[in-house]
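Protein chains: 2
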Amino acid sequence: MPKRIRDKQAPDASDRLRAAGLRPTRQRLELAGLLFGMGDRHLTAEGLHAEARAAGCKVSLATVYNTLHQFTGAGLLRQVMVDASRSHFDTNTGSHQHFYCEDEGRLIDIPGEAVAVSGVPKPPQGMAVDRVDVVIRLRRA
Amino acid sequence: MPKRIRDKQAPDASDRLRAAGLRPTRQRLELAGLLFGMGDRHLTAEGLHAEARAAGCKVSLATVYNTLHQFTGAGLLRQVMVDASRSHFDTNTGSHQHFYCEDEGRLIDIPGEAVAVSGVPKPPQGMAVDRVDVVIRLRRA
DNA sequence: CAATAGTTTAGAACAGTTCTAAACAAATAA
DNA sequence: TTATTTGTTTAGAACTGTTCTAAACTATTG
Numbered sequence: 001m002p003k004r005i006r007d008k009q010a011p012d013a014s015d016r017l018r019a020a021g022l023r024p025t026r027q028r029l030e031l032a033g034l035l036f037g038m039g040d041r042h043l044t045a046e047g048l049h050a051e052a053r054a055a056g057c058k059v060s061l062a063t064v065y066n067t068l069h070q071f072t073g074a075g076l077l078r079q080v081m082v083d084a085s086r087s088h089f090d091t092n093t094g095s096h097q098h099f100y101c102e103d104e105g106r107l108i109d110i111p112g113e114a115v116a117v118s119g120v121p122k123p124p125q126g127m128a129v130d131r132v133d134v135v136i137r138l139r140r141a
Numbered sequence: 142m143p144k145r146i147r148d149k150q151a152p153d154a155s156d157r158l159r160a161a162g163l164r165p166t167r168q169r170l171e172l173a174g175l176l177f178g179m180g181d182r183h184l185t186a187e188g189l190h191a192e193a194r195a196a197g198c199k200v201s202l203a204t205v206y207n208t209l210h211q212f213t214g215a216g217l218l219r220q221v222m223v224d225a226s227r228s229h230f231d232t233n234t235g236s237h238q239h240f241y242c243e244d245e246g247r248l249i250d251i252p253g254e255a256v257a258v259s260g261v262p263k264p265p266q267g268m269a270v271d272r273v274d275v276v277i278r279l280r281r282a
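Protein sequence lines, in the order shown, are assigned to chains C and U. In this text, residue positions in the first sequence follow our numbering: the first is 1, and each later residue adds one. In this text, residue positions in the second sequence follow our numbering: the first is 142, and each later residue adds one.
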């Protein structure tokens with residue numbers, strides 16, 4: 001019984017973590033709850049940390065960084081590079097692209113199938129395409 | 142006569158700077174020489190600083206940062222965001238896209254007309270597209 | 001229940017970048 | 001020219017986001 005209690009928010013989260021070779025600790029489960037419990041999200045490390053603390057989770061910033069990287073490595077998150085000063089993490093790991101509002105620092109998903117990129121030349125010898133990132137930068141109209 | 146001597150490397154560089162509201166100082170002219178004197182380039186601030194020092198230019202890192210930002214503001218450079226830890230500056234300000242070799246941290250231009258992006262949805266109310274960035278991330282094949 | 005292996009943490013360390021205030025150089029006025 | 005104003009450079013301090021460290025802790029395994 002005690003074994004199940006803390007998994008109540010996401011019954012399968014423990015298994016998802018185990019499958020990724022990560023122990024389902026309190027911190028990881030709580031962070032997973034915040035990240036995956038409410039649709040697609042874009043968060044920075046400090047943003048998630050603040051949110052966790054506000055929600056009463058006792059987690060250190062170091063653990064937030066560790067967890068974000070581990071989740072990214074496990075394919076549960078994707079790191080988005082749009083801003084020189086902070087890394088953003090996207091809970092939507094499917095193939096899709098982004099709008100980025102420069103002034104607000106806000107990311108908005110563009111559904112995967114919508115955008116098509118054509119005319120990409122062959123990569124240089126010995127290199128293969130890993131992925132194609134499209135960022136549509138927006139300014140106040 | 143002394144007035145022209147230090148402009149020998151780039152006869153019009155002084156005027157380009159003046160047109161941008163920047164005084165053509167020794168440092169700015171020397172950096173401009175390195176940046177624009179040899180085709181399209183991709184440089185980081187520290188990279189340019191190292192190159193300048195190696196070429197015997199006495200320039201501080203602070204000035205390199207200032208200059209890169211001023212040149213970017215003047216439309217002579219473009220800032221490329223591909224790497225979480227460093228900013229890259231591109232001397233090619235025309236419309237074009239990039240290959241990015243993750244492991245080497247190297248950028249390669251893709252000519253502007255080559256790549257086409259289609260199917261971009263209308264931006265949210267009150268926002269306008271500023272530009273569309275495409276980064277094709279490469280890994281060792 | 002003990003032993004082991006993985007995790008968390010506070011705080012120090014780090015890298016890249018920006019800031020500060022004083023020295024300096026260029027442009028302008030006289 | 002020289003004096004004055006305005007813009008620029010600089011060393012170093014400060015700052016920010018991120019990573020590292022080593023000790024305490026927790027989950028899992030034997």
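All C-beta atoms in this analysis are idealised placements derived from N, C-alpha and C, irrespective of residue type, glycine included.
- Looking at U:A193, U:G216 and U:V223, the one whose alpha-carbon comes closest to that of I249 of chain U is U:V223.
- Not a single C-beta of chain U is nearer than 9 Å to the C-beta of A62 of chain C.
- For the stretch 268-279 of chain U, the set of residues with a beta-carbon nearer than 7 Å to any beta-carbon of chain C comprises M268, A269, V270, D271, R272, V273, D274, V275, V276, I277, R278 and L279, in chain order.
- In the structure shown, L76 of chain C adopts coil according to DSSP, grouped into three states.
- Residue-level contact by beta carbon holds for Q220 of chain U and chain C, with a gap shorter than 9 Å.
- Contact between the stretch 205-215 of chain U and the stretch 185-196 of chain U is present, with at least three C-beta pairs closer than 8 Å.
- DSSP places A55 of chain C outside any beta strand (DSSP E), giving it a letter other than H or E.
- Of the candidates C:L22, C:P111 and C:G33, C:L22 places its Cα closest to the Cα of G73 of chain C.
- Here L43 of chain C is bridged, per DSSP, to C:F89.
- Close partners of D83 of chain C in chain U (Cβ separation under 8 Å): M222.
- According to DSSP, V132 of chain C shares a beta bridge with U:I277.
- Distance between Y241 of chain U and P123 of chain C, taken at the CA atoms: about 10 Å.
- No Cβ of chain U is located within less than 9 Å of the beta carbon of S14 of chain C.
- V261 of chain U is not a Cβ neighbour of D133 of chain C, given a cutoff of 9 Å.
- In the three-state reduction of the DSSP assignment, Q266 of chain U falls in the coil class.
- Here H96 of chain C is near P111 of chain C, since their CB atoms are less than 9 Å apart.
- The residues T232, in chain order, have a CB closer than 6 Å to that of L176 of chain U in the same chain once the five nearest residues on each side in sequence are set aside.
- Annotation: the continuous beta strand (DSSP E) that includes L107 of chain C extends over R106 to I110.
- With 16 or more other Cβ atoms from the protein chains shown falling within 10 Å of its own Cβ, R41 of chain C counts as buried.
- For E243 of chain U, a Cβ of chain C is located within less than 9 Å of the residue's own Cβ.
- With a threshold of 9 Å between beta carbons, G119 of chain C makes contact with chain U.
- Between L138 of chain C and D271 of chain U a beta carbon distance of about 6 Å is seen, short of the 8 Å cut, so the two are scored as contacting.
- Residue pairing of A282 of chain U in beta bridges, as defined by DSSP: absent, with no partner found.
- Per DSSP, A32 of chain C is one residue of the alpha helix (DSSP H) stretching across R26 to F36.
- The CB of R182 of chain U never comes closer than 7 Å to any CB in chain C; the least such distance is about 17 Å.
- Between F212 of chain U and chain C, the shortest Cβ-Cβ separation is not below 9 Å.
- Using a Cβ-Cβ cut-off of 7 Å, S228 of chain U is close to A84 of chain C, given in chain order.
- With distances taken between CA atoms, L184 of chain U lies nearest to U:L209 out of U:G235, U:L209, U:S201 and U:A225.
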